[in-house]
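In our numbering, the protein residues as written are 113 to 940.
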């Protein structure tokens, strides 16, 4: 039996004051069942089938377009065909219904679709497209700009799934949406050839739109429907996403696989090699929390079995010499030669509840594992402790090989929230909250060793307690749980580290957003080159040892130094975005605790030559305002987004990051025919000179105009993040003319990265993009139009709380997007 979520909303807008005040009800027919059209007090027509004598509304699906998109989510071809047929039939009937409503009202009712516009010949349309779009798009693999007929355009797609022209909804065709959301002089799609001989105008847009709307659906059913054409992530502009016209919506139901770090931490083996298990997130995802496509295949499962021995520790003998004694139910499993059925079931109930599922096991789950355990005990009688230990390993491995252990439910098994949507159950919400903020299940042990199971951290235990007493659905309780599992100050932490800490997932967000994980495997030739420390071997050694956990010396890594700076900002929780991009408070490594010279000059990367004592107070330094400003001037970020050599294309990598991750813009992929390297004959030039020479032609500029201006300000630093003292015989130059950001306050001349960072800090677009990044990471997917109200609520909270990120996260985690799921209906 398949579970298929089929939603239909049959809604049209009905304007006019008289229509808004009246409340006519007109009966028609839909698929053999009664259909009603009503006008609410906002002037919208709503329709739905009668179900059990009750009028069924669809408040979250408010347009033809969204109804069709939801139908297209169905991957079954037969279901797609049925959905499309029903949609078209409903659309025709709603039009008839609207006519009847209009006849009951003296005021005229406008057409629900734009009036077709005629008189624009194809030649004019094609001329505008060719003039303004060819420089970027002509060489794409689809080569859609070479299409020279109406029929060819109707059949064209921007990808395998998305048609350029949507014949069911011409006004919302992909090509028009791209121009509306991304086009314009200050956006990511300039809409003019880069020789500036033809500027895109409103008249040009009207020609494109008029020709498309004038098609009036030409082609009918000849074009197969796409599977999914919903724009998401950076395909959407912030202006479109931060414009709420309703209320926050639930998310789609899903199952989510735990990842390698969550698996190890939940076992209480965070720092062991258990974290190298194969449950690694898909590297194609922006964030490791994204759930789409995360499953198990034969290769992963085969490798996973090699790590299951980690599940046995704490359960393979009966010693209680240290740690916390295991539950009494465990003793009979270890000490009795042939444990009884009651003993086995009692132990497994406690084990599954507290150490695997973090909920009460179902009768089926308990019975299946108990049967397996009884067979294992029977086949391996307890003649020696080693034999019983082997049996316990079989049992724990079996428990951790179940679907429920590796996948957490977000299906919405709680109470019905409203028509078509359910709350997450308490156990679903508790598990989701725990794994959203931490790497552990609610109530998971803090540590596990042979014969030792240590109790949960109090902040983790609090989530389990809230699930058990049923209070987790309370807004106040959620607030307190987020407070516990967010950030803090702990003076007992190893003094090499900052006293400020972030919860596991919040720390992981900053690592992944800022790309710090790229540092570990990066190579930087002569990292001190062009700096005032050039040629000093100790500086080279110190820098290289700080890129990854040191094998020599005692100092924390560059990424950990950056995270200390971030944690302090997060804990202070005031104007977080502005402070992230402007703070001069840096956590520096000490040069007075070294081993074999490996960290004798680690502070040089910050352009500091004086000694840094091995205390927290000495490590916190305010750096000169002219040298550093915020996280994008931190050596960890600069080195993570850099070339191997100081005069390589680091500016391109840094500019691309700013475009995609600070502005939420898009950069086209590099065509496979392009050689993106610098020619060796220019090796004597500076990075700026080489970049300008290599990318100055109009073809290269179609993409590099989106990156180079954003990356060149950082040329005052070299590839390793050292402040340049000179640049190939010239003064370091970070000047740049910022263009195409989508925010007029950002565009314009900047002197260097310091000024650019300060402008980024003041940009509403950057603030919105940061909120979008938070949404993506903690919800585990890209944002869509349906999330506009949740994003708007997050923005409102941020602005009303003086830039509090914690309160913004609370708004997200208490929203229907996190706590509710669309109901899944069983298809008969």
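Glycine included, every Cβ here is placed at the ideal spot set by N, Cα and C.
- Under the three-state reduction of DSSP output, residue 267 falls in the helix class.
- The three-state reading of DSSP puts residue 363 in strand, counting E and B together.
- Secondary structure at residue 905: helix, using DSSP grouped into helix, strand and coil.
- Within the segment 543–621, the runs of alpha helix (DSSP H) at least 4 residues long that lie entirely inside it are, in chain order, 570–580, 587–596.
- A contact between stretches requires three or more CB pairs, one per stretch, nearer than 8 angstroms, and the segment 896–906 meets this requirement with the segment 351–364.
- Around the Cβ of residue 388, a 10 Å sphere holds fewer than 16 other Cβ atoms; the residue is exposed.
- Within the same chain, 550, 551 come within 6 angstroms of residue 616 by CB-CB distance, once the 5 residues on both sides are set aside.
- Bounds of the beta strand (DSSP E) holding residue 732 are 732–734.
- Per DSSP, reduced to three states, the secondary structure at residue 529 is strand.
- With respect to the 8 angstroms criterion, residue 822 and residue 786 are not classified as neighbours on the basis of their beta carbons.
- Cβ contact annotation for residue 608 (same chain, cutoff 7 angstroms, sequence separation greater than five): 666, 667, 668, in chain order.
- In this structure, the straight-line span from the alpha carbon of residue 750 to that of residue 427 is close to 46 angstroms.
- Annotation for residue 593: 545, 574, 575, 578 place their beta carbon closer than 7 angstroms to its own, counting only its chain and skipping 5 residues before and after.
- DSSP lists no bridge partner for residue 287.
- If you look at residue 848, you'll find it in the beta strand (DSSP E) that goes 848–850.
- Scanning its chain for C-beta atoms nearer than 6 angstroms, with the 5 sequence neighbours on each side dropped, one finds around residue 645 the residues 651, 716, in chain order.
- With a cut-off of 8 angstroms on Cβ pairs, the segment 841–856 is in contact with the segment 864–883, counting three or more such pairs.
- Between the segment 669–678 and the segment 791–798 there are fewer than three C-beta pairs closer than 8 angstroms, too few to call the two in contact.
- In the structure shown, residue 932 adopts extended strand secondary structure according to DSSP, grouped into three states.
- For the pair of segments examined, the segment 906–921 was found not to touch the segment 732–743: the number of CB pairs separated by less than 8 angstroms stays below three.
- In the three-state reduction of the DSSP assignment, residue 800 falls in the helix class, which pools H, G and I.
- Per DSSP, the beta-bridge partners of residue 862 are 848.
- Apart from the 5 residues on each side of it in sequence, residue 472 sits with its Cβ closer than 7 angstroms to the Cβ of 465 in its chain, given in chain order.
- The three-state secondary structure of residue 835, taken from DSSP, is strand.
- Note on residue 622: 16 or more other CB atoms within 10 angstroms of its CB, so buried under the neighbour-count rule.
- If you look at residue 461, you'll find it in the alpha helix (DSSP H) that goes 453–463.
- Separation of the CB atoms of residue 680 and residue 610 is rounded to 7 angstroms, and the pair is thereby assigned contact status at 8 angstroms.
- Taken in chain order, the whole alpha helix (DSSP H) runs of length 4 or more contained in the segment 646–688 are 649–657, 670–684.
- Rounded to the nearest whole angstrom, the C-alpha separation of residue 383 and residue 692 is 29 angstroms.
- Across the set 596, 613, 839, the C-alpha of 613 shows the shortest separation from the C-alpha of residue 603.
- Contact between residue 288 and residue 321 holds: CB atoms are separated by about 6 angstroms, below the 8 angstroms threshold.
- Going by C-alpha positions, residue 835 is about 19 angstroms away from residue 712.
- Contact annotation: residue 829 and residue 533 have beta-carbon atoms that are not nearer than 8 angstroms.
- In the structure shown, the three-state DSSP call for residue 791 is coil.
- In terms of Cβ geometry, residue 643 and residue 741 do not form a close pair [threshold 8 angstroms].
- Here DSSP, grouped into helix, strand and coil, assigns residue 522 to strand.
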